[in-house]
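Asker: One structure follows; several queries about it will come next.
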Amino acid sequence: MKKILIIFTFLVTLILSSTSVFAESNFLHTITLEKNDTGYNVILGSDKMTKVTKKTPENNELILELSGISSAESVNALYKGTNSIDGLVIETPKRNKLRIHVTANDISNSTVIVEPIHGEPAIVGESVPLDKILWVLFVLSLVSVIAKFSKHITEDEEKISIRRDIKNREIQMYKKYRRDISINPTLRQNEDARLRTLVKKIDRKIDERLISNIK
Numbered sequence: 003m004k005k006i007l008i009i010f011t012f013l014v015t016l017i018l019s020s021t022s023v024f025a026e027s028n029f030l031h032t033i034t035l036e037k038n039d040t041g042y043n044v045i046l047g048s049d050k051m052t053k054v055t056k057k058t059p060e061n062n063e064l065i066l067e068l069s070g071i072s073s074a075e076s077v078n079a080l081y082k083g084t085n086s087i088d089g090l091v092i093e094t095p096k097r098n099k100l101r102i103h104v105t106a107n108d109i110s111n112s113t114v115i116v117e118p119i120h121g122e123p124a125i126v127g128e129s130v131p132l133d134k135i136l137w138v139l140f141v142l143s144l145v146s147v148i149a150k151f152s153k154h155i156t157e158d159e160e161k162i163s164i165r166r167d168i169k170n171r172e173i174q175m176y177k178k179y180r181r182d183i184s185i186n187p188t189l190r191q192n193e194d195a196r197l198r199t200l201v202k203k204i205d206r207k208i209d210e211r212l213i214s215n216i217k
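Here my numbering runs 2 ahead of the position in the sequence shown, where the first position is 1.
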């Protein structure tokens with residue numbers, strides 16, 4: 003009974019905590035387009051800080067992709083120091099994602115600022131995202147490992163090639179020596195026990211090298 007009560011309490015706590023998390027939503031309330039000396043300040047008024055990806059396909063086009071945020075029932079568009087905004091469109095491609103299209107002359111020269119109600123204003127979209135930095139580091143590490151592995155393989159292949167060259171030269175020299183003995187009667191007549199011992203040593207050396215290369 004005590005264990006059941008503990009499990010029930012845990013489940014209730016988990017449900018309540020999950021409910022509070024889902025209840026804490028993030029909404030976009032205002033978009034302020036403010037003219038400055040070099041371009042525009044695009045100020046996003048939201049409940050909390052949100053992730054923003056900034057894209058500028060053309061000089062007069064700005065696309066902002068927001069994650070972890072939804073659009074409020076009414077989003078106010080405010081213009082400060084400019085009347086040349088050609089278009090402002092807010093889309094909802096997925097749940098908790100927004101896409102903002104702004105069309106204006108030189109809008110690509112803009113600074114995006116998020117002003118959350120619960121938090122400090124921050125400039126976003128100007129730095130490389132952390133996931134991309136981690137991905138680049140992972141790729142560089144992988145390339146380094148592959149390069150080291152390839153270097154070891156190349157060195158091993160070079161060693162094997164050198165051993166094969168030495169073995170082939172020795173075999174060719176030995177075959178030539180035996181051929182000369184079989185052709186030249188004088189060498190056959192003068193072949194004594196010492197020469198036969200030398201031939202056996204050469205045979206044994208070749209066998210040892212062949213076995214070592216097979217392994």
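Positions of the beta carbon are idealized from the N, C-alpha and C atoms, including for glycine.
1. Have a look at Lys82, Asp108, Thr105, Ser73 and flag the residue whose alpha-carbon is nearest the alpha-carbon of Lys96.
2. With a threshold of 6 Å on Cβ separation, who are the neighbours of Gly41 within its own chain once the five nearest residues in sequence on each side are excluded?
3. When the distance is taken between beta carbons, is Val104 closer than 9 Å to Ile45?
4. Out of Thr58, Glu60, Lys82, which one is the CA nearest neighbour of Asn38?
5. How far does the beta strand (DSSP E) with Asn78 in it extend, from its first residue to its last?
6. Compare the C-alpha of Glu36 against each of Thr84, Gly121, Pro123, Glu159 and name the closest.
7. If you draw a straight line from the alpha carbon of Leu139 to that of Val145, how long is it in whole angstroms?
8. With distances taken Cα to Cα, identify the nearest neighbour of Ser27 among Thr34, Asn43, Gly89, Ser48.
9. So, is Ile102 buried or exposed, given that buried needs 16 or more other C-beta atoms within 10 angstroms?
10. Identify whether His31 lies in helix, strand or coil by the three-state DSSP scheme.
11. In the DSSP assignment, the beta strand (DSSP E) including His103 goes from what residue to what residue?
12. Assign Leu136 to buried or exposed, taking buried as 16 or more other Cβ atoms, counted over all protein chains shown, within 10 Å of its Cβ.
13. Between Lys202, Ala124, Glu63, Ser69, which lies nearest to Asp88 when the distance is taken from Cα to Cα?
14. Rounded to whole angstroms, what's the CA-CA distance from Thr156 to Lys207? Just pull it up for me.
15. Have a look at Ser86 and Ala106 and give me their C-alpha separation to the nearest angstrom.
16. Note down the Cα distance separating Lys153 from Lys50, rounded to an integer number of angstroms.
17. Taking the beta carbon of Val54 as the centre, do at least 16 other beta carbons fall within 10 Å, making it buried, or is it exposed?
18. Can you tell me which residues form a DSSP beta bridge with Gly89?
19. Which partner residues does Ala124 have in the DSSP bridge list?
Answerer: By the coordinates alone:
1. The residue you call residue 96 lines up with position 94 of the sequence shown. Nearest option by C-alpha distance: Ser73.
2. Your numbering for residue 41 matches position 39 in the sequence shown. Excluding sequence neighbours, Gly41 sits near Asp108, Asn111, Ser112.
3. Translated into positions along the sequence shown, residue 45 becomes position 43. Translated into positions along the sequence shown, residue 104 becomes position 102. No; because the gap between Cβ atoms is not below 9 Å, this pair is not in contact.
4. Your numbering for residue 38 matches position 36 in the sequence shown. Of Thr58, Glu60, Lys82, the residue nearest in Cα terms is Lys82.
5. In the sequence shown, residue 78 corresponds to position 76, counting from 1. Unbroken beta strand (DSSP E) run through Asn78: 72-82.
6. Position 34 of the sequence shown, counted from the start, is the residue given in the question as residue 36. Among Thr84, Gly121, Pro123, Glu159, the Cα nearest to that of Glu36 is on Thr84.
7. Numbered from its first residue, the sequence shown carries residue 139 at position 137. Numbered from its first residue, the sequence shown carries residue 145 at position 143. Approximately 10 Å, taken between the alpha carbons.
8. Your numbering for residue 27 matches position 25 in the sequence shown. Comparing Cα positions, the closest option is Ser48.
9. Here residue 102 is taken as the residue at index 100 of the sequence shown, counted from 1. Ile102 should be labelled buried.
10. Within the sequence shown, numbered from 1, the residue matching residue 31 stands at position 29. Of the three classes helix, strand and coil, the one that applies to His31 here is strand, per DSSP.
11. Here residue 103 refers to the residue found at position 101 when the sequence shown is read from its first residue. Start and end: 99-106.
12. Residue mapping note: residue 136 aligns to position 134 of the sequence shown, counting from 1. The residue is exposed, with fewer than 16 neighbouring Cβ atoms inside 10 Å.
13. Start at 1 with the first residue of the sequence shown, and residue 88 comes out as number 86. Closest option to Asp88, Cα to Cα, is Glu63.
14. Numbered from its first residue, the sequence shown carries residue 156 at position 154. Numbered from its first residue, the sequence shown carries residue 207 at position 205. Going from the Cα of Thr156 to the Cα of Lys207 covers about 27 Å.
15. For the purposes of this step, residue 86 is taken as the residue at position 84 of the sequence shown. For the purposes of this step, residue 106 is taken as the residue at position 104 of the sequence shown. Cα to Cα, Ser86 sits roughly 6 Å from Ala106.
16. Here the question's residue 153 lines up with position 151 in the sequence shown. Here the question's residue 50 lines up with position 48 in the sequence shown. Roughly 51 Å separates the two Cα atoms.
17. The residue you call residue 54 lines up with position 52 of the sequence shown. Flag for Val54 reads buried.
18. Within the sequence shown, the letter at position 87 stands for residue 89. Gly89 is bridged to Thr105.
19. Residue 124 sits at position 122 when you count from the first residue of the sequence shown. Paired residues: Val116.
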